[in-house]
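Colleague:
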Amino acid sequence: RPRTVEEVGQLRQLIGMAGNLNQLTKQLHAGHNVSEAARQVLVQLYRLLDDLAPDPTR
């Protein structure tokens, strides 16, 4: 089945977050402190993933 507009939007968000994490990883390897930025991206990622596939145990 074709993806819905909402699913396409969520996939775009995931791609953007993956790019953000990649940049943060590069900055980390360059010696920058990126822990707060990484935490924020991971919180957003977990929220989006929970929207896409809720954990039935919670």
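When the letters of the sequence shown are read in order and numbered with the working numbering, they come out as residues 305 to 362. Cβ coordinates follow ideal geometry from the N, Cα and C atoms, glycine included. In this text, all values refer to a predicted model and were calculated from it rather than measured experimentally.
For V309, count the other beta carbons within 10 Å of its own beta carbon; 16 or more makes it buried, fewer makes it exposed. Which is it?
Modeller: So V309 counts as exposed.
Colleague: Please state whether DSSP places N337 in a helix, a strand or coil.
Modeller: Reduced to three states, the DSSP call for N337 is coil.
Colleague: Does the beta-carbon distance from Q331 to V338 come in below 8 Å?
Modeller: Closer than 8 Å, so yes.
Colleague: Using the three-state DSSP reduction, which class does T361 fall into: helix, strand or coil?
Modeller: Reduced to three states, the DSSP call for T361 is coil.
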